[in-house]
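Below you'll find the structure, written out as structure tokens, and then a few comments.
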Amino acid sequence: MKRGGDLVVTVLAGIVAIPLGLLIALLIRCTMGGPVLFRQTRTGLHGKEFEILKFRTMRDRRFPEEPDAPRITRLGELLRRTSLDELPQLWNVARGEMGVIGPRPTLPEQVVHYSTRQRGRLDVRPGLTGWAQVRGRNSITWPERIELDLWYVGNRSFGLDLRILLLTVKVLLRPAGITAAGGVNPGFPAPTEPADTGAPVPAAPDHRVPAVERAPAVIGLPRQSTAPRPVPPVRTAPSRPSPVHAAVEEAS
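Here's what the structure looks like:
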């Protein structure tokens with residue numbers, strides 16, 4: 031039933047999205063050249079990987095070590111601020127790789143650090159928008175976002191999905207939390223102890239953020255890069271491993 035609803039929403043949204051997408055594609059082509067789309071491997075339902083689509087928002091690097099921030103064009107900034115860069119993901123929904131509502135799809139480099147409990151985030155299709163997206167988006171840490179997604183997985187319902195859709199409209203009209211401070215999403219946990227087998231976080235009547243489990247390591251996640259980069263190894267110590275930084279695109 032949820033899949034049928036996703037297809038209905040996709041068809042209705044496509045009436046507006048197709049002509050708008052063609053216009054955006056033309057503007058990208060004229061200002062940045064090709065390619066128009068940014069493609070990246072993400073992890074979806076039950077850990078199956080797929081290629082997510084976004085409109086390109088960065089020009090090519092002028093030199094190898096050029097940082098990402100100066101490469102964002104004026105058009106790219108507008109697309110990010112309005113979330114129109116995510117419009118091509120309607121095709122991911124049509125293909126069944128994503129749903130309309132669900133946890134945002136994350137990178138395989140992130141998923142390998144999930145504990146057993148955190149892998150519960152993969153029990154539903156990733157979505158265009160989700161509970162974590164309307165509760166802070168990239169302005170909150172990764173542990174908080176994962177806990178919000180786990181709460182959604184354990185409490186999902188038609189009513190909750192409808193509430194998320196309405197809150198998403200509000201977020202789109204008043205954008206906030208698109209990019210974390212400094213362009214980095216802090217605090218991605220990299221567990222080094224045996225898998226966590228704790229029970230899912232129970233529902234809270236006031237929908238406040240459940241308690242976040244403490245993580246011994248950190249991976250910093252910028253919003254976007256245009257090419258895959260190797261993830262540095264996590265250095266472990268008897269007590270607490272050192273922070274790790276990976277230059278990869280965030281799943282907003």
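This note's numbering numbers the first residue of the sequence shown as 31 and each following residue consecutively. Don't be surprised by glycine CBs; every beta carbon is placed ideally from N, CA and C. Values in this document were obtained by computation on a predicted structure and should not be read as measured data.
Integer-rounded CB distance, given that valine 130 should sit under 8 Å from leucine 152: Within the sequence shown, numbered from 1, the residue matching residue 152 stands at position 122. Within the sequence shown, numbered from 1, the residue matching residue 130 stands at position 100. That pair is no contact at about 17 Å.
Threonine 71 classed as buried or exposed, judged by whether at least 16 other C-beta atoms fall within 10 angstroms: For this step, residue 71 is matched to residue 41 along the sequence shown. Threonine 71 is exposed by the Cβ-count criterion.
Methionine 283, DSSP secondary structure in three states: Here the chain has residues from 31 to 282 only, and residue 283 is not among them.
As assigned by DSSP and simplified to three states, the class of leucine 117: By one-based count along the sequence shown, residue 117 stands at place 87. Note: leucine 117 maps to coil in three-state DSSP.
Own chain residues within Cβ distance below 8 Å of phenylalanine 188, not counting five before or after: Counting from 1 along the sequence shown, the entry for residue 188 is found at position 158. The beta carbon of phenylalanine 188 lies closer than 8 Å to none in the same chain, with the five residues before and after it left out.
Start-to-end residues for the alpha helix (DSSP H) that takes in arginine 204: Here residue 204 is taken as the residue at index 174 of the sequence shown, counted from 1. No alpha helix (DSSP H) holds arginine 204; DSSP gives it neither H nor E.
Rounded separation between arginine 92 and tryptophan 181 - CA only: Taking the first residue of the sequence shown as 1, we reach residue 92 at position 62. Taking the first residue of the sequence shown as 1, we reach residue 181 at position 151. Between the alpha carbons of arginine 92 and tryptophan 181 lies a distance of about 43 Å.
Exposure of threonine 61, with buried meaning 16 or more beta-carbon neighbours within 10 Å: Taking the first residue of the sequence shown as 1, we reach residue 61 at position 31. By the beta-carbon neighbour count (other beta carbons within 10 angstroms, threshold 16), threonine 61 is exposed.
Lysine 78 in three-state terms, based on DSSP: For the purposes of this step, residue 78 is taken as residue 48 along the sequence shown, with counting starting at 1. In the structure shown, lysine 78 sits in coil (DSSP, three-state: anything other than H, G, I, E or B).
C-alpha distance - arginine 134 paired with glycine 184, whole-angstrom precision: Locating residue 134 in the sequence shown gives position 104, where the first residue counts as 1. Locating residue 184 in the sequence shown gives position 154, where the first residue counts as 1. Cα to Cα, the separation comes out at about 16 Å.
Neighbourhood of leucine 117 by C-beta, 8 Å cutoff - its chain only, sequence neighbours within 5 removed: To locate residue 117, count along the sequence shown from 1; it is residue 87. These residues qualify, in order along the chain: Ala47, Leu50, Gly51, Ile54, Phe85.
Cβ-based burial, threonine 171 [other Cβ within 10 Å; buried from 16]: Counted from its first residue, the sequence shown places residue 171 at position 141. Buried is the call here.
Integer Cβ distance of threonine 87 from arginine 110, believed to fall under 8 Å: By one-based count along the sequence shown, residue 87 stands at place 57. By one-based count along the sequence shown, residue 110 stands at place 80. Indeed, because the Cβ distance is near 6 Å, the residues count as touching under 8 Å.
Isoleucine 48 in three-state terms, based on DSSP: Residue numbering aside, residue 48 sits at position 18 when the sequence shown is read from its first letter. Looking at isoleucine 48 - three-state DSSP - the assignment turns out to be helix.
Aspartate 90, buried or exposed, once every other Cβ within 10 Å from all chains shown has been counted against 16: Counted from its first residue, the sequence shown places residue 90 at position 60. Classified as exposed, aspartate 90 has fewer than 16 neighbouring CB atoms from the shown chains inside 10 Å of its CB.
Close Cβ partners of proline 100 (< 7 Å) along its chain, the five nearest in sequence each way excluded: In the sequence shown, the residue the question calls residue 100 occupies position 70. Correct list: empty, nothing qualifies.
Any non-hydrogen atom of the ligand SAH within 8 Å of leucine 195 CB: Absence of the ligand SAH from the depicted structure is noted, as is the absence of any ligand whatsoever, leaving it without description.
Buried versus exposed call for histidine 301 [16 or more other C-beta atoms within 10 Å across all chains shown]: The structure shown does not extend to residue 301, since the chain is modelled only from 31 through 282, so no value can be given for it.
Given valine 164 as reference, the closest of Gly150, Leu203, Glu127 once Cα atoms are compared: Mapped onto the sequence shown, residue 164 falls at position 134. For valine 164, the nearest C-alpha among the options comes from Leu203.
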